[in-house]
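J.: First the structure, then my questions, so here it is.
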Amino acid sequence: MTLPLSAQTSVPAAGTAQPAAADQQKTETQPAQTDAAPVQSESIPQARPLKPSPMQVGEPETEESLLVSAEWLKKNRGQVVLVDARPESLYAGGHIPGAVNASWTYFANMNAQTGTKKWGTIWQPATMAKRIGALGINGKKPVVVYDDAGGWGQSGWTLWILRMSGIKNAKILEGGFTAWKKAGGEVSKTVHKNKAVAFSIKQFKEHYLVDTDWINNNMGKSGLVLLDVRTPAEYQGKIRPFQEKRAGHLPGAVNIEMQHFVTSDYHLKEPEEIVELLKEHGITPDNEIVVYDTAGVRASFVTMALRYAGFHKSQCYDEGFQAWAGNAELPLETAD
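Set out below in structure tokens:
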């Protein structure tokens with residue numbers, strides 16, 4: 006099975022420009038880890054946690070709820086809303102007929118200043134509802150999202166947003182656009198737009214994300230794992246691909262790069278493989294897991310993968326490292 010990786014109130018055209026390529030797929034090798042359980046870092050203030058609160062248990066994902074095959078899509082393409090989550094330039098070069106384009110920035114506030122809590126974070130419910138509705142999505146018709154190898158997990162990001170917005174019948178195309186072409190699927194260069202539909206969101210489902218305040222109050226709590234899915238170079242503070250105001254990682258965070266959740270040909274690893282991967286880092290399904298990267302895209306993909314593998318107390322830190330690093334009062338650490 007494969008899982009592809011891919012504040013104005015008016016609704017702009019989907020598929021805006023992507024950030025610098027420095028945050029694209031990396032090929033660095035993850036350092037070996039021990040089987041020891043995560044321990045509190047010395048850089049976490051001894052007074053922590055400040056105001057601990059439990060993490061809500063999230064909804065599980067299964068192969069049936071998460072994935073569809075290219076062959077299935079060939080038979081059912083006319084019965085679903087198709088969303089191409091790749092950058093606009095790739096969409097223009099060829100896409101599945103009938104797909105609308107909505108890259109990750111379509112769902113995120115790119116107008117805020119970098120290094121603040123709002124930059125790159127999801128829109129508020131009212132604005133998000135308008136944007137989802139503008140794609141022709143209202144929860145009644147099934148949705149299939151796809152991207153392709155070489156991205157950040159944009160399809161997982163889109164699915165995470167749809168789930169959080171109450172859309173249960175959304176899935177990801179196994180193998181992405183490459184799998185579609187290998188299956189003999191048609192390719193179009195005609196830009197497709199769906200008729201906008203009414204959609205509303207009273208509030209996001211809270212068990213999908215945590216914010217800076219929650220992490221700051223719960224840091225150091227027994228059983229809480231901060232999972233950094235950026236590259237080792239980002240984690241160690243050697244690079245700042247988005248010009249973050251500080252380098253490093255959240256105190257005590259464990260680093261497992263997003264690419265370790267997929268095989269070399271971008272197949273999502275089986276649930277038992279993901280369980281074993283986290284076990285090697287001392288993490289079990291009983292842990293509360295906060296997944297983070299720079300601004301939430303890679304982290305949301307991993308969050309969905311963890312739900313699939315039975316880690317139901319896992320949530321995405323949408324504000325991300327760039328927001329944490331932008332607040333000089335919050336602690337950071339770097340590799341020795």
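Here the working numbering = 1-based position in the sequence shown + 5.
For every residue, glycine included, the Cβ atom is placed at its ideal position computed from N, Cα and C.
Since we're looking at a predicted model, the values are computed, not measured.
#1: Take Pro59 as the anchor and find which of Ile279, His254 and Glu211 has the nearest alpha-carbon.
#2: Tell me the DSSP secondary structure of Asp152 in three-state form.
#3: Starting from the N-terminal side, write out each stretch of the alpha helix (DSSP H) that is 4 residues or longer and does not extend beyond the stretch 183 to 224.
#4: Can the beta-carbon of Pro256 be found closer than 9 Å to that of Leu167?
#5: When the distance is taken between beta carbons, is Gln327 closer than 9 Å to Gly125?
#6: How far does the alpha helix (DSSP H) with Tyr240 in it extend, from its first residue to its last?
#7: Just verifying my parser: in three-state terms, what is the DSSP assignment at Ser319?
#8: Using the Cα positions of Ala97 and Trp109, report the straight-line distance between them to the nearest angstrom.
#9: Would you tell me roughly how many angstroms separate the C-alpha atoms of Trp77 and Val267, rounded to the nearest one?
#10: DSSP on Lys79, reduced to helix/strand/coil?
#11: If I measure Cβ to Cβ from Thr141 and keep anything under 8 Å in the same chain, skipping five residues before and after, which residues do I get?
#12: Just the Cα atoms here: how many angstroms apart are Glu191 and Leu164?
#13: Taking its Cβ as the centre, do 16 or more other Cβ atoms sit within 10 Å of Asn292, making it buried, or is it exposed?
#14: Buried or exposed: which applies to Gln84, given that a residue is buried once 16 or more other Cβ atoms fall within 10 Å of its Cβ?
#15: CB-CB under 6 Å to Pro102, same chain, minus the five flanking residues each way: which ones, in chain order?
#16: Buried or exposed for Lys56, going by 16 or more other Cβ atoms inside 10 Å?
#17: DSSP state of Ile354, grouped into three classes?
#18: Cβ of Leu232 within 9 Å of Cβ of Tyr297?
#19: Suppose you measure from the CA of Glu324 to the CA of Gly301; what does that come to, to the nearest Å?
#20: Does the beta-carbon of Asn223 have 16 or more other beta-carbons within 10 angstroms, so that it is buried, or is it exposed?
#21: If you run the structure through DSSP and keep just helix, strand and coil, what is Ile127?
#22: I'd like to confirm the pairing. Which residues does DSSP put opposite Ile294 in its beta bridges?
#23: Determine the burial state of Gln69: buried for a count of at least 16 other Cβ atoms within 10 Å of its Cβ, exposed for fewer.
#24: Quick one: using the 10 Å Cβ neighbour count with 16 as the cut-off for buried, is Ala258 buried or exposed?
#25: Need the endpoints of the alpha helix (DSSP H) that Lys284 sits in, please.
#26: For Glu93, which three-state DSSP category applies?
#27: Hey, out of Val307, Thr339, Ala330 and Lys207, whose CA is closest to Thr119's CA?
T.: Once the coordinates are examined:
#1: Residue 59 sits at position 54 when you count from the first residue of the sequence shown. Of the residues Ile279, His254 and Glu211, the one whose Cα lies closest to the Cα of Pro59 is Glu211.
#2: Taking the sequence shown and counting its residues from 1, one reaches residue 152 at position 147. DSSP places Asp152 in the coil class of the three-state scheme, outside both helix and strand.
#3: Contiguous alpha helix (DSSP H) elements confined to the stretch 183 to 224 occur at 217 to 223, taking only those with 4 or more residues.
#4: In the sequence shown, residue 256 corresponds to position 251, counting from 1. In the sequence shown, residue 167 corresponds to position 162, counting from 1. For the 9 Å CB-CB criterion, Pro256 and Leu167 do not form a contact.
#5: By one-based count along the sequence shown, residue 125 stands at place 120. By one-based count along the sequence shown, residue 327 stands at place 322. Here Gly125 is near Gln327, since their CB atoms are less than 9 Å apart.
#6: In the sequence shown, counting from the first residue as 1, residue 240 sits at position 235. Counted as a single uninterrupted DSSP element, the alpha helix (DSSP H) harbouring Tyr240 occupies residues Pro237 to Tyr240.
#7: Translated into positions along the sequence shown, residue 319 becomes position 314. Correct three-state label for Ser319: strand.
#8: Translated into positions along the sequence shown, residue 97 becomes position 92. Translated into positions along the sequence shown, residue 109 becomes position 104. If you draw a straight line from the Cα of Ala97 to the Cα of Trp109, it is about 16 Å long.
#9: By 1-based counting over the sequence shown, the position of residue 77 is 72. By 1-based counting over the sequence shown, the position of residue 267 is 262. Near 22 Å, if we compare the C-alpha coordinates of Val267 and Trp77.
#10: The residue you call residue 79 lines up with position 74 of the sequence shown. In the structure shown, Lys79 adopts helical secondary structure according to DSSP, grouped into three states.
#11: For the purposes of this step, residue 141 is taken as the residue at position 136 of the sequence shown. Here residue 141 turns out to be Gly, not Thr, going by the sequence shown. Val86, Val105, Asn199, Lys200, Ala201 and Val202, listed in sequence order.
#12: Residue 191 sits at position 186 when you count from the first residue of the sequence shown. Residue 164 sits at position 159 when you count from the first residue of the sequence shown. Taking the straight line joining both Cα atoms gives about 24 Å.
#13: Start at 1 with the first residue of the sequence shown, and residue 292 comes out as number 287. Result: buried.
#14: Mapped onto the sequence shown, residue 84 falls at position 79. Under this definition Gln84 is an exposed residue.
#15: Sequence index remark: in the sequence shown, residue 102 carries index 97 (1-based). Only Glu191 and Ser193 meet the Cβ criterion.
#16: By one-based count along the sequence shown, residue 56 stands at place 51. Taking a 10 Å sphere around the C-beta of Lys56, we find fewer than 16 other C-beta atoms and assign the residue as exposed.
#17: Lying outside 6 to 341, the shown extent of the chain, residue 354 is not represented and no answer is given.
#18: Reading the sequence shown from its first residue, position 227 is the one you call residue 232. Reading the sequence shown from its first residue, position 292 is the one you call residue 297. The answer is yes: Cβ separation under 9 Å.
#19: Taking the first residue of the sequence shown as 1, we reach residue 324 at position 319. Taking the first residue of the sequence shown as 1, we reach residue 301 at position 296. Glu324 and Gly301 have their alpha carbons spaced roughly 7 Å apart.
#20: In the sequence shown, residue 223 corresponds to position 218, counting from 1. So Asn223 ends up on the buried side.
#21: Position 122 of the sequence shown holds residue 127. It is a strand residue.
#22: Working through the sequence shown from its first residue, we reach residue 294 at position 289. Bridge partners of Ile294: Val230 and Ser319.
#23: Here residue 69 refers to the residue found at position 64 of the sequence shown. Contrary to the premise, residue 69 reads as Glu rather than Gln in this sequence. Burial call: exposed.
#24: Counting from 1 along the sequence shown, the entry for residue 258 is found at position 253. Ala258 is buried by the Cβ-count criterion.
#25: Sequence index remark: in the sequence shown, residue 284 carries index 279 (1-based). The continuous alpha helix (DSSP H) containing Lys284 extends over residues Pro276 to Lys284.
#26: Working through the sequence shown from its first residue, we reach residue 93 at position 88. Helix at Glu93.
#27: On the sequence shown, residue 119 is found 114 positions in, with the first residue counted as 1. The shortest Cα separation from Thr119 among Val307, Thr339, Ala330 and Lys207 belongs to Ala330.
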